[in-house]
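Read top to bottom, the protein sequences are chains G and X.
Reminder that position 111 of the first sequence reads as 105 in the working numbering, one-by-one numbering, no gaps.
Reminder that position 71 of the second sequence reads as 65 in the working numbering, one-by-one numbering, no gaps.
Data block below; observations after.
Number of protein chains: 2
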Amino acid sequence: MPNHNKLDRRAFLNRTALGGAAATAGTVLAAPAIAQEMPQINWRMVSSFPTSLDTIYGGGEQIADRLRETTDGKFDIQVFAAGELVPGLEAISSVTDGTVECAHSVGYYNWGKDPAFAPGADLPFLLSARAKAAYNYYGGGIELYNEFLAQYGLVSFPGGNSGVQMGGWFRKEINTLDDLKGLKMRIGGLAGMVLERLGVVPQQIAGGDVYASLEKGTIDAAEWIGPYDDAKLGFQKVAPYYYYPGFWEGGPTVGFFIGKEHWDALPATYQALVRNCTQATDMAMVAKYDYVNPPALKQLIGDGAQLRAFSEPVLSAAFDAALQVYDEISAENEWFKRQWEAVQPYRDDWYLYAQTSEYTFDTFMMIQQRQGKLTPSGG
Amino acid sequence: MPNHNKLDRRAFLNRTALGGAAATAGTVLAAPAIAQEMPQINWRMVSSFPTSLDTIYGGGEQIADRLRETTDGKFDIQVFAAGELVPGLEAISSVTDGTVECAHSVGYYNWGKDPAFAPGADLPFLLSARAKAAYNYYGGGIELYNEFLAQYGLVSFPGGNSGVQMGGWFRKEINTLDDLKGLKMRIGGLAGMVLERLGVVPQQIAGGDVYASLEKGTIDAAEWIGPYDDAKLGFQKVAPYYYYPGFWEGGPTVGFFIGKEHWDALPATYQALVRNCTQATDMAMVAKYDYVNPPALKQLIGDGAQLRAFSEPVLSAAFDAALQVYDEISAENEWFKRQWEAVQPYRDDWYLYAQTSEYTFDTFMMIQQRQGKLTPSGG
């Protein structure tokens, strides 16, 4: 990073006058407090997640906490876990239909209602979390998604990301494309549609039943989230092969969805607060996952998980299938098409650019890690 | 990601009562506005950057804008570019000495005063931006840095990151370690100290003089930032070899430094605002760089820049030299040692974990990019 040590003439002149003034200009003025309208707002937020998934559920709590702390409690949102007020998958719909004011959810949960809900959350083989943020905040991603959402009476801001998820737990190894034929896997949405073209038989199974289904062999595989959340359920005991990457979720955006009429009625300062508090949460959730996943992965391996990478033929076939699926949906759904076409130029540019500094720095550091050169010097 | 479609009994019971209540419970209550003390605060922020570096300088402006928007102008910070009030490199010191209330700068600019300022910003071969955020927000990085900063009357929060920077511009190719011997390179701080051990002769040259120095051959190489900022200066015309990665800056944290007595005097809501607005800016700066760097790199290549990767022997020698430097500084500086030792366990864990989903997802996507498979379907 460059140094900027130049001081221009004006600066020197200004500076001489500073010494005395500085001590009094700053900090809190004792001047009369200004009476300020900060309306009391009481909202309810439904989360699509159970409290046991503390990081992703915690994102909704974080948004509420941040709004409360920055308004001295005036902007108060009560958070309900999945199932407390409405089922997790109905969180977004419950904002559209006016049951609650806001939701913390993932757009693709509404994929069955309208596939165009998905691109604002994630698509298989889309972008990693960092590139997703770049596209969302500077590439027009947030604006375009909100254009689409308006017809459902919704406004949404990114409010969390898990990073690249794991590919899930398998009872047997997947070496070739043939190993996927007839494989019963708990996986939903677009990802299920993509894997179906490779012969997988997608299964819809409630979270609480996944372990037992794997144990009994009712299903052969199940995707969940990543090491930290997966470790809580002990999948390695019944389906020890732990595959990566979860190519269907490279950087899923967890959204804060607000009823448009509630958003429009907010004072400008509260709207600015929502933008800031959700963006801070968006970064904080990735940061927390990035902090808790590494030790959890080590623990899982210690507990018997067998790490496996999907082979190149599997990834390539899934990539081609995904493109087909996007083409077919695009032919039928204008809003899906617009979003899918809008993100592609940046995706191409990013994965060219990332090959330089980002990738070589990380690769070099990983090589050092494998050689034991990152072992703490104190230990 | 799992689906959570369970609805418990309590939820059903609650839900039946919701329909009517929801329409009135939400949005802004027309109830009397509560008079609320929001003190007027007027601070000055000095940036270490010139306005021409709009993204990194813009981070300081963003923090000020966000605080203004969320307080209806009550928390008002005027931002001064490098050199307007104080020289860029003196930004942090000018907070310590009470000249201004706050600064937007990089801790390692104060490295000469105390090497322990560096780890809170960046060290060669430390962490990428995402892992840095994880360590900062969840690994105790922010707290530890602030423990150190207290003795300088400072409080600091991350307020920006550039991502992995480029390795800079070279007049000739660097193929072997011998090519570094006697190489006059504009590079400062700890990075200069590390490269010096490889035979490089570090040069301190003001930003405005770098181009002319490269053109005349007064220096052989210069590091700057990344494609977007570098493109403004046209270095490719005089030093066409553009190296990566900038291993001395894997994820430099740009900090928002506040005079501790000013911080302590802030109301709790304003402190919460500072935390939220800086964290949002921390993520926004990476996002912006990640959005503007990719097209800038393509443009630079079109304009004649020759992309080159540092060879493995160069990176390895620099890595070993960095470890030596850290050991030597640690032997003399307790606060440097504490910070360096604190970050190492997470660094080791992260670069093990990142080898799974994150790395394989990105690698696969980069392969698709090279094969032209990310070319926009519309184009």
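C-beta atoms are modelled at their ideal positions from N, C-alpha and C, and glycine is treated no differently.
Inter-residue spacing [alpha-carbon to alpha-carbon] between X/T21 and X/E95: The count along the second sequence starts at 1 and reaches residue 21 of chain X at position 27. The count along the second sequence starts at 1 and reaches residue 95 of chain X at position 101. The predicted position of X/T21 is uncertain, since its pLDDT is 39 and thus under 50; no value can be drawn from it.
Can you tell me where the beta strand (DSSP E) holding X/R302 begins and where it ends? Looking up residue 302 of chain X in the second sequence gives position 308. Segment Q300 to A303, the beta strand (DSSP E) holding X/R302.
With a cut-off of 9 Å, does the C-beta of X/T350 fall near any C-beta of chain G? Taking the first residue of the second sequence as position 1, residue 350 of chain X is located at position 356. Yes - at least one Cβ of chain G is within 9 Å of the one on X/T350.
When you compare the segment 311 to 331 of chain G with the segment 255 to 275 of chain X, are there three or more beta-carbon pairs, one atom per stretch, that lie closer than 8 Å? Cβ pair count under 8 Å is below three, so no.
Short of 6 Å in beta carbon distance, which residues of its chain neighbour G/G220, apart from the five on each side in sequence? Order them along the chain. For the purposes of this step, residue 220 of chain G is taken as the residue at position 226 of the first sequence. Correct list, in chain order: Q159, M160 and N287.
For chain B, check one thing: does any of its Cβ atoms lie closer than 9 Å to the Cβ of G/N270? Among the chains of the structure shown, chain B does not appear; the protein chains present are G and X.
Please list the segments of the alpha helix (DSSP H) lying wholly inside the segment 78 to 148 of chain G, counting only runs of 4 or more residues, in order along the chain. Complete alpha helix (DSSP H) runs here, min 4: 85 to 90, 123 to 132 and 135 to 143.
Who are the Cβ neighbours of X/I50 in its own chain at under 6 Å, not counting the five residues just before and after it? In the second sequence, counting from the first residue as 1, residue 50 of chain X sits at position 56. F43, listed in sequence order.
Within chain G, partners of X/W344 - CB distance below 8 Å: Here residue 344 of chain X refers to the residue found at position 350 of the second sequence. Per Cβ cutoff of 8 Å: D284 and P288.
Taking only beta carbons into account, state which residues of the segment 170 to 191 of chain G come closer than 7 Å to chain X, listed in chain order. G182
Given that a residue counts as buried once 16 or more other Cβ atoms are within 10 Å of its Cβ, and exposed if not, what is X/R364? Within the second sequence, numbered from 1, the residue matching residue 364 of chain X stands at position 370. So X/R364 counts as exposed.
Positions along the segment 200 to 217 of chain G whose CB lies within less than 7 Å of some CB in chain X: A200, G201 and G202
Which bits of chain X does G/V194 rub up against, with CB to CB less than 9 Å? Position 200 of the first sequence, counted from the start, is the residue given in the question as residue 194 of chain G. Contacts between G/V194 and chain X, judged by CB atoms closer than 9 Å, are missing: the closest CB pair is about 17 Å apart.
X/I199 to G/N140 span [Cα, whole Å]: Walking along the second sequence from the start, residue 199 of chain X turns up at place 205. Walking along the first sequence from the start, residue 140 of chain G turns up at place 146. Roughly 47 Å separates the two Cα atoms.
With a CB to CB cut of under 7 Å and the five nearest residues on each side skipped, what residues in its chain are close to G/F250? Start at 1 with the first residue of the first sequence, and residue 250 of chain G comes out as number 256. Leaving aside the five residues that flank G/F250 on each side, the residues in its chain whose CB is nearer than 7 Å to its CB run, in chain order, I57, C96, H98, S150, F151, G153 and T272.
Where G/A58 meets chain X, residues with beta-carbon distance less than 8 Å: Here the question's residue 58 of chain G lines up with position 64 in the first sequence. Within chain X, no C-beta atom comes nearer than 8 Å to that of G/A58; the closest sits roughly 13 Å away.
So for G/P234, helix, strand or coil by DSSP? As a working mapping, residue 234 of chain G is identified with position 240 in the first sequence. Assignment of G/P234 by DSSP, reduced to helix, strand and coil, places it in the coil class.
Quick check on DSSP: helix, strand or coil for X/N169? Counting from one through the second sequence, the residue named residue 169 of chain X turns up at place 175. Looking at X/N169 - three-state DSSP - the assignment turns out to be coil, as it is neither helix nor strand.
Let me know the alpha helix (DSSP H) ranges lying completely inside the segment 295 to 362 of chain X, each 4 residues or longer, listed in chain order. 306 to 326 and 328 to 347
Cβ-based contacts, 9 Å cut-off: residues of the segment 142 to 174 of chain G near chain X: S156, G157, V158, Q159, M160 and G161
So for G/P196, helix, strand or coil by DSSP? In the first sequence, residue 196 of chain G corresponds to position 202, counting from 1. If DSSP states are grouped into helix, strand and coil, G/P196 belongs with the strands.
What is the residue span of the beta strand (DSSP E) that X/M32 lies within? As a working note, residue 32 of chain X is residue 38 in the second sequence. The continuous stretches of beta strand (DSSP E) do not include X/M32, and DSSP gives it neither H nor E.
Cutoff 8 Å; reference X/G157; Cβ partners in own chain excluding five residues on either side: In the second sequence, residue 157 of chain X corresponds to position 163, counting from 1. Excluding sequence neighbours, X/G157 sits near S122, A123, G220, G245, V280, Y283, D284 and N287.
Endpoints, alpha helix (DSSP H) assigned at X/I219: As a position in the second sequence, residue 219 of chain X is number 225, starting the count at 1. No residue range can be given for X/I219, since it is assigned to no alpha helix (DSSP H) and is classified by DSSP as neither H nor E.
Give the residues from the segment 288 to 303 of chain X that approach chain G closer than 8 Å (Cβ to any Cβ), ordered along the chain. P288, P289, L291, K292, L301 and A303
Identify whether X/V286 lies in helix, strand or coil by the three-state DSSP scheme. Numbered from 1 along the second sequence, position 292 holds the residue referred to as residue 286 of chain X. Reduced to three states, the DSSP call for X/V286 is helix.
Check whether G/M277 and X/A274 have beta carbons under 9 Å apart: Here residue 277 of chain G refers to the residue found at position 283 when the first sequence is read from its first residue. Here residue 274 of chain X refers to the residue found at position 280 when the second sequence is read from its first residue. Going by C-beta atoms, G/M277 is nearer than 9 Å to X/A274.
For X/R269, list the residues DSSP reports as bridge partners. Position 275 of the second sequence, counted from the first residue, corresponds to residue 269 of chain X. None, per the DSSP bridge assignment.
Going straight from the alpha carbon of X/G52 to that of X/V248, what length do you get? Residue 52 of chain X sits at position 58 when you count from the first residue of the second sequence. Residue 248 of chain X sits at position 254 when you count from the first residue of the second sequence. The C-alpha of X/G52 lies about 11 Å from the C-alpha of X/V248.
For X/N130, decide whether its Cβ has a neighbour in chain G, counting only Cβ atoms nearer than 9 Å. Counting from one through the second sequence, the residue named residue 130 of chain X turns up at place 136. Closer than 9 Å: yes.
Less than 9 Å between the C-beta atoms of X/S310 and X/I168, yes or no? Indexing the second sequence from 1 puts residue 310 of chain X at position 316. Indexing the second sequence from 1 puts residue 168 of chain X at position 174. Against a cut-off of 9 Å, the Cβ pair of X/I168 and X/S310 comes out as no contact.
Proximal residues of chain X, C-beta to C-beta of G/Y222 below 8 Å: As a working note, residue 222 of chain G is residue 228 in the first sequence. Correct list: empty, because the minimum Cβ distance to chain X is about 10 Å.
Here's the rule I'm using: 16 or more other beta-carbon atoms within 10 Å means buried, otherwise exposed. How should G/D321 be labelled? Locating residue 321 of chain G in the first sequence gives position 327, counting from the first residue. Under this definition G/D321 is an exposed residue.
Work out the CA separation of G/L177 and G/L138 for me, nearest whole Å. The count along the first sequence starts at 1 and reaches residue 138 of chain G at position 144. The count along the first sequence starts at 1 and reaches residue 177 of chain G at position 183. Their Cα atoms are separated by approximately 37 Å.
For X/I50, the first and last residue of its enclosing alpha helix (DSSP H): As a first step, residue 50 of chain X must be located in the second sequence, where it is residue number 56. Counting along the chain, the alpha helix (DSSP H) containing X/I50 begins and ends at D48 to T64.
Distance cutoff 9 Å, beta carbons only. Does G/G244 sit that close to anything in chain X? On the first sequence, position 250 is the one that residue 244 of chain G refers to. At least one chain X Cβ lies under 9 Å of G/G244.
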